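Enquirer: For reference, the structure I am asking about is given below.
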Amino acid sequence: MPPLPPDPSWHHDAIIYQLHVKAFRDSNRDGYGDFRGLLEKLDYIADLGVTAVWLLPFYPSPLKDDGYDIADYCGVHPSYGSLEDVVAFLDAAHARGLRVITELVINHTSDQHPWFQRARLAPKGSAERDFYVWTDDPNKYAGTRIIFTDTESSNWAWDPTAQQFYWHRFFAHQPDLNFDNPAVLEAVLDAMRFWLRLGVDGLRLDAIPYLVEREGTSCENLPETHAVLKKLRAVLDAEFPARIFLAEANQWPSDVRPYFGDGDECHMAFHFPVMPRMYMAVAREDRTPIVEIMAQTPPIPSQCQWAIFLRNHDELTLEMVTDDERDYMYNAYAKDPRMRVNVGIRRRLAPLMDNGRDEIELMHALLMSLPGSPVLYYGDEIGMGDNIYLGDRNGVRTPMQWSADRNAGFSTAPTAALYFPVIADPPYGYQTVNVEAQESTVTSLLQWVRAIVRLRRKYRAFGRGTFEPLDPANRRVLAFLRRWDHEVILCVNNLARHAQYVELDLCEFEGWSAMELWSGQAFPTIGSNPYLLTMSGRDFLWFRLMPPGGPERLGAIAPVGA
Ligand code: GLC
Numbered sequence: 319m320p321p322l323p324p325d326p327s328w329h330h331d332a333i334i335y336q337l338h339v340k341a342f343r344d345s346n347r348d349g350y351g352d353f354r355g356l357l358e359k360l361d362y363i364a365d366l367g368v369t370a371v372w373l374l375p376f377y378p379s380p381l382k383d384d385g386y387d388i389a390d391y392c393g394v395h396p397s398y399g400s401l402e403d404v405v406a407f408l409d410a411a412h413a414r415g416l417r418v419i420t421e422l423v424i425n426h427t428s429d430q431h432p433w434f435q436r437a438r439l440a441p442k443g444s445a446e447r448d449f450y451v452w453t454d455d456p457n458k459y460a461g462t463r464i465i466f467t468d469t470e471s472s473n474w475a476w477d478p479t480a481q482q483f484y485w486h487r488f489f490a491h492q493p494d495l496n497f498d499n500p501a502v503l504e505a506v507l508d509a510m511r512f513w514l515r516l517g518v519d520g521l522r523l524d525a526i527p528y529l530v531e532r533e534g535t536s537c538e539n540l541p542e543t544h545a546v547l548k549k550l551r552a553v554l555d556a557e558f559p560a561r562i563f564l565a566e567a568n569q570w571p572s573d574v575r576p577y578f579g580d581g582d583e584c585h586m587a588f589h590f591p592v593m594p595r596m597y598m599a600v601a602r603e604d605r606t607p608i609v610e611i612m613a614q615t616p617p618i619p620s621q622c623q624w625a626i627f628l629r630n631h632d633e634l635t636l637e638m639v640t641d642d643e644r645d646y647m648y649n650a651y652a653k654d655p656r657m658r659v660n661v662g663i664r665r666r667l668a669p670l671m672d673n674g675r676d677e678i679e680l681m682h683a684l685l686m687s688l689p690g691s692p693v694l695y696y697g698d699e700i701g702m703g704d705n706i707y708l709g710d711r712n713g714v715r716t717p718m719q720w721s722a723d724r725n726a727g728f729s730t731a732p733t734a735a736l737y738f739p740v741i742a743d744p745p746y747g748y749q750t751v752n753v754e755a756q757e758s759t760v761t762s763l764l765q766w767v768r769a770i771v772r773l774r775r776k777y778r779a780f781g782r783g784t785f786e787p788l789d790p791a792n793r794r795v796l797a798f799l800r801r802w803d804h805e806v807i808l809c810v811n812n813l814a815r816h817a818q819y820v821e822l823d824l825c826e827f828e829g830w831s832a833m834e835l836w837s838g839q840a841f842p843t844i845g846s847n848p849y850l851l852t853m854s855g856r857d858f859l860w861f862r863l864m865p866p867g868g869p870e871r872l873g874a875i876a877p878v879g880a
């Protein structure tokens, strides 16, 4: 099935819904979600108004890292279905105008992957052994940090069969592939082509900063790693136009910038550092963390786009904050040690916001209006809770809550057979927090999320526009402009829990009208004095600013990615 009509800039206007097939809907009563179940729920996803779906890994795997430990790049884990099911899903998604992003996890494989099994048995120094990174001296690459600090004490693990140590940046059961071996790149390209030929529209490149190792460095973001990415991109451009790469590079903005290259590496990259700072700004009732990180964010090539998110399947990572900021975040959002994992917080959005509806809405308003394409994590649109008694990051990966029926309508399997228990305790239990209840309630979070997604889609400035922060005296208010083509959007967010007023310097727009976007209501025309707004706690307002005589009077700002 051919993908959707080629549009090389689709990622600029994308709104992405992230989900795990395992967690969404079980069609065959085995307690695991599957592609057929997902197909049943595709209309729900389309109704959200999102434009793309990102599927977490669904490949054959021992599932020791929820599928990021891949044992076969070109297959489907039998619990989730078959290749035919994937193709049927891709077709159905495309028929609804939804694009599909899947995972290309190339930094490492599972130790069960045949490549690794072969490598262990092959002679030292052979091409087969060299599919992975081996040493006799575990002091090699000593300058490299450990990522999974809770479980790993070294990036080397001893393999008794090979009688050597192998390199792993993540769990010890995830040996890193060796990109100094040209055969590895060829094998990875084959896997990439396999999914793109089936019609996948985009690939999230997992853990991309760590592909290549060099002595005396941090083994992160090396020029050799960028060279590998450029090779992947060249093949993508030559063979699969209008498909995209989305980089997972959990790094500071200046280190992420090179992953866009000169428009010849990744089309998109997650903006990791802004994520914890949205939470920090709300907890501190101060815009400074967001404004500062945006100021440190370098411009990116016009054909590229950030991806921003509030929560995902991993911990709320605190790697890209200072030590003081980390302490503050733990204290504000993870008082119970069970809420912490590695260098981060394993909680969902609603519990992080103490289930405060205004807070959850404000966070979504930031997500939908800051630069980049928003990524929504399944379940957050209904305010799902988490289970901090499950290990690792599994507390945020529980079954989707569809209804108050048994197993939350996720599965008709025996309850004990579910891959994880559904959330059952108040206030997040499936008996009350579920899709069915929220579909029949006009004021529900789900209905509200649908509305904000639709509103955002009306204005391309959100996906493509400039970001111009204003500097009002009241630091509890974050206000910024987004301009693109004939659109000028003003976003004003009251980060404080109590009412605030703010005076905005909008003298550039004297004589312009301001229309509030949710209500369509005309606010006072902008005059020569500061523009005064009063806002209730955690409130936000979006305005379209228009010159007298209408938007045509505005000089168009060059469209990006056209
Ligand atoms: C990425 C994934 C994470 C996984 C890790 C190792 O960071 O997001 O879930 O554990 O890679 O594969």
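Using our numbering, the letters of the sequence shown map in sequence onto residues 319 to 880. Built from N, CA and C at the ideal position, the CB exists for glycine as well. Just so it is clear, the structure is predicted and the values come from calculations on it, not from any experiment.
1. If you reduce the DSSP assignment to three classes, tell me which class D494 lands in.
2. Within 10 Å of its beta-carbon, does S327 have 16 or more other beta-carbons around it, so buried, or fewer, so exposed?
3. Can you list, in chain order, the residues of its chain whose CB lies under 8 Å from that of E603, leaving out five sequence neighbours each side?
4. Would you say Y386 touches the ligand GLC, meaning its beta carbon is less than 7 Å from a heavy atom?
5. Near C825, which residues of its chain fall below 7 Å by C-beta distance, leaving aside the five closest residues on each side in sequence?
6. Any heavy atom of the ligand GLC inside 7 Å of the beta-carbon of V574?
7. Which residues in the same chain as L694 place their Cβ atom closer than 6 Å to its Cβ, once the five residues preceding and following it in sequence are excluded?
8. Quick check: the region 614-624 against the region 667-687, are there 3 or more CB pairs under 8 Å?
9. Could you give the uninterrupted runs of the alpha helix (DSSP H) lying entirely in the region 573-645, keeping only those of 4 residues or more?
10. If the criterion is Cβ atoms closer than 8 Å, does the pair S762 and I333 meet it?
11. Would A587 pass as a contact of A567 if the rule is Cβ separation under 8 Å?
12. Just to confirm, are N630 and T467 a CB contact at a threshold of 8 Å?
13. Cβ of M290 within 8 Å of Cβ of M647?
14. For S758, does the three-state DSSP call read helix, strand or coil?
15. Within the region 356-438, note down every full beta strand (DSSP E) run reaching 3 residues or more, in order along the chain.
16. Does any heavy atom of the ligand GLC sit closer than 7 Å to the C-beta of H338?
17. Should the region 426-446 be called in touch with the region 395-407, which here means at least 3 C-beta pairs below 8 Å?
18. Compare the Cα-Cα distances from A370 to each of M702, I562, S572 and D573 and report the closest residue.
19. Which residue or residues does DSSP assign as beta-bridge partners of L822?
20. For Y746, count the other beta carbons within 10 Å of its own beta carbon; 16 or more makes it buried, fewer makes it exposed. Which is it?
21. In its own chain, which residues sit with a C-beta less than 6 Å from the C-beta of Q492, not counting the 5 before and 5 after it?
22. Mapping DSSP to helix, strand and coil, what is L859?
23. Note down, in chain order, each residue of its chain lying with its Cβ closer than 8 Å to the Cβ of W268, except the 5 sequence neighbours on either side.
24. Could you tell me the distance, in whole angstroms, from the CA atom of D743 to the CA atom of L547?
25. According to DSSP, simplified to helix, strand and coil, what is Y707?
26. Thinking R511 and E583 are a contact (beta carbons under 8 Å), I'd like their distance in whole angstroms, please.
27. Between H282 and the ligand GLC, is the CB less than 7 Å from at least one heavy atom?
28. Look up Y737 in the DSSP assignment and say whether it is helix, strand or coil.
29. Do Y737 and F342 have their C-beta atoms within less than 8 Å of each other?
30. Return the chain-ordered list of same chain residues with a C-beta closer than 6 Å to the C-beta of E699, the five sequence neighbours on each side being excluded.
31. Let me check one thing: in DSSP terms, what residues is V659 bridge-paired to?
32. Would you decide whether N649 is buried or exposed? Buried here means 16 or more other CB atoms lie within 10 Å of its CB.
33. What residues in its chain sit with their C-beta under 8 Å from that of L381, if we drop five residues either side in the sequence?
34. Three-state secondary structure (DSSP) at G781?
Expert: In short:
1. For D494, the three-state secondary structure derived from DSSP is strand.
2. Buried is the call here.
3. R794, L813, A814 and R815
4. yes
5. S846
6. no
7. Y335
8. no
9. For the region 573-645, the continuous alpha helix (DSSP H) assignments of 4+ residues that do not extend past its boundaries occur at 592-602 and 606-613, in sequence order.
10. no
11. yes
12. no
13. Residue 290 is absent from the structure shown; the chain starts at 319 and stops at 880.
14. coil
15. 370-373 and 417-422
16. Taking 7 Å as the cut-off, one finds no heavy atom of the ligand GLC near enough to the beta carbon of H338.
17. no
18. I562
19. DSSP, once it has assigned bridges, lists Y849 as partnering L822.
20. Buried, by the Cβ-count rule.
21. D387, H426 and H486
22. strand
23. Residue 268 lies beyond the range of the chain shown here (319 to 880); nothing can be said about it.
24. Taking the straight line joining both Cα atoms gives about 45 Å.
25. coil
26. Not really, about 18 Å apart at Cβ, beyond 8 Å.
27. Because the chain here runs from 319 to 880, residue 282 falls outside it and cannot be looked at.
28. coil
29. no
30. L764 and V767
31. Per DSSP, G662.
32. exposed
33. Beyond the five residues adjoining it in sequence on each side, L381 comes within less than 8 Å, by CB distance, of D387 and H395 in the same chain, given in chain order.
34. helix
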